[in-house]
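Remarks on the structure that follows.
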Amino acid sequence: MNEMPPPPIPPHQEDARTQAVITIGHFLEGLGEPGWRGVLLRWLGQYDGLETYLYPEDDPVLAVRDLLARYVDLLEPADPAQLAADLSALPFCRFRAKRDGEKWEPLVESFSAFCRGATVEVWESEHPYPRREVLRIGLLTQFCAAQMRERRG
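Okay, so the sequence shown: first residue is 2 according to our numbering, each after it adds one.
Structure representation (structure tokens):
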């Protein structure tokens, strides 16, 4: 197994990722769903580093930004259940990884922590992992918890 980390992403993609994080926040404000911001940033943090193994169009941060842009274009409020379903269907959710026979568990460990500076084997599976329903319910649960914390002050 190669112990060298993968090459960094190109500077223009890194700039696009940085801007996308800001844009995600703006889109959520515009959709009247700022409570999603922390949930999405924590969730995207689990995939941080995966972008170095993917084509730019599969980059998790850019994919979430683009999904939210479609919501903004519709000029409709974001239904939390539909948003969670759409998020769990994004292509990057189908990417899996393993290192020394150990498989990456996105809900347990971030991708960057899993890599531990080593190159890992990454592939696209036919279905999201964990299952789409598990991702959807997990995102909705985190969103509801964030809403409850916000209401308590």
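Beta carbons are placed, not taken as given, at the ideal position from N, Cα and C, and that holds for glycine.
Everything numeric in this text was worked out from a predicted model, so none of it was measured.
Taken in chain order, the whole alpha helix (DSSP H) runs of length 4 or more contained in the region 23-92 are 37-47, 61-75 and 81-89. For A119, the secondary structure class from DSSP, reduced to helix, strand or coil, is coil. Annotation: R133 to A85 spans about 10 Å, alpha carbon to alpha carbon. In the displayed model, E106 falls within coil according to three-state DSSP, outside both helix and strand. Rounded to whole angstroms, the gap between the alpha carbons of L69 and C94 is 16 Å. Taking a 10 Å sphere around the C-beta of S89, we find 16 or more other C-beta atoms and assign the residue as buried.
Counting along the chain, the unbroken beta strand (DSSP E) around R100 starts and ends at F96 to R100.
With respect to the 8 Å criterion, T24 and R71 are not classified as neighbours on the basis of their beta carbons.
According to the DSSP assignment, R137 belongs to the alpha helix (DSSP H) that extends over R133 to R153. Close CB contacts of R137 within its chain, under the 7 Å cut and outside five residues either way in sequence, are with A85, A86 and S89 (chain order).
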